[in-house]
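From first to last, the protein sequence lines are chains S and R.
Mind the numbering: the first sequence is residues 28 to 398 in the working numbering, read in order.
Mind the numbering: the second sequence is residues 1142 to 1442 in the working numbering, read in order.
Every residue, glycine too, gets a C-beta built ideally from N, C-alpha and C.
Note that this is a predicted model, so its numbers are computed, not measured.
Okay, so here's the structure we're looking at.
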Amino acid sequence: MGQIDLIDISKSYDKQKNVLDEINLSIEEGEFFVLVGPSGSGKSTLLRMIAGLEDITSGTLKISDKIVNHLPPKDRNLSMVFQNYALYPHLSVEQNILFGLGAKKVNKKEQQKRLAETAEMMGLSELLNRKPKELSGGQKQRVALARSVVSEAPLCLMDEPLSNLDAKLRAQMRIEIRRLQKRLGLTMVYVTHDQVEAMTMGDRIMVLNDGKIQQVGKPITLYNEPENLFVASFIGSPKMNMGKAVYSMNQNQLVIEDTLRIAQGPDMDDIPGNIDLTVGIRAEHLLPGTAENTTHHLEAVNVEQLGNETLIAFDVGSTLWMAKWLGQWDVQVGEMVPVHIDSGNFCFFDSNTGLLIKSANFVKEQEVVSI
Amino acid sequence: MKFRKKLLWFIVPAFLIYSGFMLIPLILSMRVSFYEFSGIGDMAFIGFDNFYRLLFEAPYNERFFNAVGNTFEFFAYTMVFQNVTALLLALALTRGLKMTGFFRTVIFIPVTLSLLMIGFVWSIMLNPNIGVLNEILSAIGLENWTRAWLGSESLALPTVALVNAWQYTGLMVMLFVAGIQSIPEEQFESAKIDGANAWSVFKDIILPPLVPVIGIVTIMTYMGVFNQFDLVYAMVGSTGGPNYAVDVLGTFFYRTAFGGAGGQMPQMGLGATIATMTFLFIAFAIGAFLYLSHVRKKGEN
């Protein structure tokens, strides 16, 4: 009842270039599934194909085991929330919410019952008689959500619904949407370009770039074991620090960006020496160096104090590496800062294919801790 | 506040031109309606005599009220033939077929044609004996639908109104299309997902934002019809068609002021009176329109 299967789905507008290329995906019932990627990656197009607002050029789309490629949107038993809310300006909030039910010829008593429940749930009971232009952004968003909820469709599609809200409201609505989905048991497909939303909301997420799937999996898996350079730099904030690496002449040092020299450790043994390497390390793994474990001294070129953490930028060859240290550290720009870099925290990528060779191995010991 | 007063000076040049070319001629014309004047020679002041004559004296008042009635009738026919059609076409072009340049051009071409040419060509096409329309009707077996389109008292007015509508539909289509295209596509998509039927989409999504456009179309049509002269003149002449059936205020004025085909004497004074009455009809309607617009705008806030 709400399970979606995409089999070899492709989409092109001009039969030349594919906007989406052979997407294969299964979304489970009751799952909160996030499609994330940069602008133009095809995520909205994919969502709209599931909705039935765009044609599927090739491939099969199944909802609840039924092939729906040619079914019009109203027969697919789904609801959709749009980025700009799509509220009807000349109808009141109440009429907006009930519009779909009227179209589906639900009887009046049932309509009122669902309206009362939903308005209560979404905190809209006082606003039913207002027109959309009298509402704030957050309120409009809740009306758009209410419209979805009241339809009682098991599948809900969301196209960047929080993009037009300010940061604080976004953080609040993220939680509300997640709770709503869990409470109603909806299968939700959520499109966003914001990786924070993806990480915090999804049961599973799919990173799309240029019409191709980059990786699908649990958010934390994509964070710890990114399958390629794109996912590694897309997920996580600040971005994963990257640098080109070569083995030094006598093969016992890794030289990153011609600046950092890392002594070869046992974790690097299975890395082939003859390919172009890119290494990546997360900002929180560029640790402050103590008297005993400092491996390098780096020049700080920028310091940002956020109150709970400090972000320090270091020049590493041609790139900038960010370190994230918990707490408030008194670091000045221009200071040579001692840091501790452990090669066990590196992810190794093939520069040419972009694919992961080896992920940071401390992760395997440090699986997400369960209480 | 002082700055605002200074800004008023910027209006002076435009106001002078407006006064010189519009306001003063209008007032002077209205002034002539208080005189007995044949167009040349002396003007004799007669107060409201012309107005009295127009409203109460036969045959003038018959002609006048006939012309007023015809003008309103013309307006009604035009609203239906022109504006309802335009709305339907606009809906078809934006929500139905793809809006191709071809359709856009074809629909708009009549707007660009010369009025006199249109009147002339159509009057030939509508000729009961040699005209194309009746020939086609006969050819497809509808012989008993053929008529003397411009010669029949009952048909002449609707026929001329139809030709007028044919010309200007394209313009109204453009206005409606612009209005419909300004509706965000997301609203239509949301309705698609809800499964709303075409009537519901029209009533709740398309029509409400189109109300101001409908208002503009209506007032433009009203003004155009009350100023109507050229087409009627081109198709049935200044006598206003068979038994004055197509005599609108424009042709009535022309005949009265400049003298008619039947050797009537020109009466500028009375003509000016007719022109003044026409102006009042238009001014009243525009006043009502502006008032209603203002009320609606206030209601929205």
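Check each residue of the segment 114-131 of chain S: if its Cβ is closer than 9 Å to any Cβ of chain R, include it; give the result in chain order. L114, Y115, P116, H117, L118, Q122, F126, G127, L128, G129, A130 and K131
Taking the alpha-carbon positions, what's the F1222/R to L1390/R distance? Taking the second sequence and counting its residues from 1, the one referred to as residue 1222/R is at position 81. Taking the second sequence and counting its residues from 1, the one referred to as residue 1390/R is at position 249. Each residue's Cα considered, the two are about 21 Å apart.
Under the three-state reduction of DSSP, which class applies to D1335/R: helix, strand or coil? As a working note, residue 1335/R is residue 194 in the second sequence. Helix.
What is the DSSP secondary structure of G334/S, counted as helix, strand or coil? Here residue 334/S corresponds to residue number 307 of the first sequence, with the count starting at 1. Of the three classes helix, strand and coil, the one that applies to G334/S here is coil, per DSSP.
In the segment 1326-1348 of chain R, which residues sit with their C-beta less than 8 Å from some C-beta in chain S, listed in chain order? E1327, Q1328, E1330, S1331, A1332, K1333, I1334, D1335, G1336, A1337, N1338, S1341, D1345 and I1346
Nearest to I1187/R by alpha carbon, out of L1312/R, Y1176/R and Y1193/R? Taking the first residue of the second sequence as position 1, residue 1187/R is located at position 46. Taking the Cα of I1187/R as reference, the smallest distance to any Cα among L1312/R, Y1176/R and Y1193/R is reached at Y1176/R.
Please list, in chain order, all residues of the same chain as S152/S whose beta carbon is under 6 Å from its beta carbon, the five residues on each side excluded. For the purposes of this step, residue 152/S is taken as the residue at position 125 of the first sequence. For S152/S, where only same-chain residues beyond five positions count, the Cβ hits under 6 Å are A146.
According to the Cβ coordinates, are G127/S and G1378/R closer than 9 Å? Reading the first sequence from its first residue, position 100 is the one you call residue 127/S. Reading the second sequence from its first residue, position 237 is the one you call residue 1378/R. In this structure, G1378/R does not lie closer than 9 Å to G127/S by Cβ.
For a quick check, are the C-beta atoms of L1232/R and F1178/R less than 9 Å apart? By one-based count along the second sequence, residue 1232/R stands at place 91. By one-based count along the second sequence, residue 1178/R stands at place 37. Contact annotation: L1232/R and F1178/R have beta-carbon atoms that are not nearer than 9 Å.
Contacts that K101/S makes with chain R (C-beta to C-beta distance below 9 Å): What you label residue 101/S is simply residue 74 of the first sequence in a count that begins at 1. Those are K1333, I1334, D1335, G1336 and A1337, listed as they occur along chain R.
Just the Cα atoms here: how many angstroms apart are P100/S and T1359/R? Counting from one through the first sequence, the residue named residue 100/S turns up at place 73. Counting from one through the second sequence, the residue named residue 1359/R turns up at place 218. One C-alpha to the other measures close to 37 Å.
Check whether the segment 50-64 of chain S and the segment 223-235 of chain S are in contact - that is, three or more C-beta pairs closer than 8 Å. yes
Which of helix, strand or coil DSSP assigns to E302/S: On the first sequence, position 275 is the one that residue 302/S refers to. The question names Glu, yet the displayed sequence has Ile at residue 302/S. Of the three classes helix, strand and coil, the one that applies to I302/S here is coil, per DSSP.
Buried or exposed for T380/S, going by 16 or more other Cβ atoms inside 10 Å? Within the first sequence, numbered from 1, the residue matching residue 380/S stands at position 353. Exposed is the call here.
Chain S contact for P1350/R (CB, 9 Å cutoff): Position 209 of the second sequence, counted from the start, is the residue given in the question as residue 1350/R. At least one chain S Cβ lies under 9 Å of P1350/R.
On the DSSP bridge list, what partners appear for Q242/S? In the first sequence, counting from the first residue as 1, residue 242/S sits at position 215. According to DSSP, Q242/S bridges with V234/S.
Enumerate, from N- to C-terminal direction, the unbroken beta strand (DSSP E) stretches of 3 or more residues contained entirely within the segment 82-165 of chain S. 85-90 and 105-108
Cβ neighbour criterion (16 or more within 10 Å) applied to D357/S: In the first sequence, residue 357/S corresponds to position 330, counting from 1. With fewer than 16 other Cβ atoms within 10 Å, it is exposed.
Against chain R, with Cβ distances strictly below 9 Å, would G78/S count as a contact? Numbered from its first residue, the first sequence carries residue 78/S at position 51. The sequence shown places Ala at residue 78/S, rather than the Gly named in the question. Cβ-Cβ to chain R under 9 Å: yes for A78/S.
Would you give the residue range spanned by the alpha helix (DSSP H) that V1387/R belongs to? Stepping through the second sequence from its first residue, residue 1387/R is reached at position 246. Here V1387/R belongs to no alpha helix (DSSP H), and DSSP marks it neither H nor E.
Is Q241/S buried or exposed, if buried means 16 or more other CB atoms sit within 10 Å of its CB? By one-based count along the first sequence, residue 241/S stands at place 214. Its Cβ being crowded by 16 or more others within 10 Å, Q241/S is buried.
With C-beta atoms as the reference, is I1334/R less than 9 Å away from M107/S? What you label residue 1334/R is simply residue 193 of the second sequence in a count that begins at 1. What you label residue 107/S is simply residue 80 of the first sequence in a count that begins at 1. A contact, by the Cβ cut-off of 9 Å.
Just reading off the beta strand (DSSP E) that F1178/R is part of, what are its end residues? Taking the second sequence and counting its residues from 1, one reaches residue 1178/R at position 37. First-last of the beta strand (DSSP E) with F1178/R: Y1176 to F1178.
Looking only at its own chain, which residues have a Cβ that is under 7 Å from the Cβ of G1272/R, when we skip the five neighbours before and after it? Locating residue 1272/R in the second sequence gives position 131, counting from the first residue. If we look at G1272/R and ignore the five residues flanking it on each side, its Cβ neighbours are I1265 and M1266.
When we look at the beta-carbon of E331/S and count the other beta-carbons within 10 Å, is it buried (16 or more) or exposed? In the first sequence, residue 331/S corresponds to position 304, counting from 1. Exposed: under 16 other Cβ atoms inside 10 Å.
Buried or exposed: which applies to M269/S, given that a residue is buried once 16 or more other Cβ atoms fall within 10 Å of its Cβ? Sequence index remark: in the first sequence, residue 269/S carries index 242 (1-based). By the neighbour-count rule (16 or more Cβ atoms within 10 Å), M269/S is buried.
On the CB-based measure, 16 or more other CB atoms within 10 Å of its CB, does K1239/R come out buried or exposed? Start at 1 with the first residue of the second sequence, and residue 1239/R comes out as number 98. K1239/R is exposed by the Cβ-count criterion.
What are the start and end residues of the alpha helix (DSSP H) that includes F261/S? Against the first sequence, residue 261/S aligns to sequence position 234. Start and end: L256 to F261.
Measuring only the C-alpha atoms, how far is P265/S from A350/S? Locating residue 265/S in the first sequence gives position 238, where the first residue counts as 1. Locating residue 350/S in the first sequence gives position 323, where the first residue counts as 1. Each residue's Cα considered, the two are about 9 Å apart.
Here's the rule: buried if 16 or more other CB atoms are within 10 angstroms of the residue's CB, otherwise exposed. What is T1219/R? The count along the second sequence starts at 1 and reaches residue 1219/R at position 78. Classification of T1219/R: buried, given that the 10 Å Cβ count is 16 or more.
For chain R, check one thing: does any of its Cβ atoms lie closer than 9 Å to the Cβ of Q168/S? Here residue 168/S is taken as the residue at index 141 of the first sequence, counted from 1. Taking Cβ atoms only, chain R never reaches closer than 9 Å to Q168/S, which makes this a no.
In the structure shown, what three-state DSSP assignment does A340/S receive? What you label residue 340/S is simply residue 313 of the first sequence in a count that begins at 1. A340/S: strand per DSSP, three-state reduction.
Would you say Q110/S reaches chain R, if we count a Cβ-Cβ gap shorter than 9 Å as a contact? Here residue 110/S corresponds to residue number 83 of the first sequence, with the count starting at 1. Yes, because at least one Cβ of chain R sits closer than 9 Å to the Cβ of Q110/S.
Using a beta-carbon distance below 9 Å, is R141/S in contact with chain R? Translated into positions along the first sequence, residue 141/S becomes position 114. No, its Cβ sits nowhere closer than 9 Å to a Cβ of chain R.
Any beta-carbon of chain R closer than 9 Å to the one on L314/S? Walking along the first sequence from the start, residue 314/S turns up at place 287. It does not; no Cβ of chain R falls within 9 Å.
Expressed to the nearest angstrom, what Euclidean distance is found between the alpha-carbon atoms of W1150/R and K195/S? The residue given as residue 1150/R occupies position 9 in the second sequence. The residue given as residue 195/S occupies position 168 in the first sequence. Spanning the two alpha carbons is a distance of roughly 49 Å.
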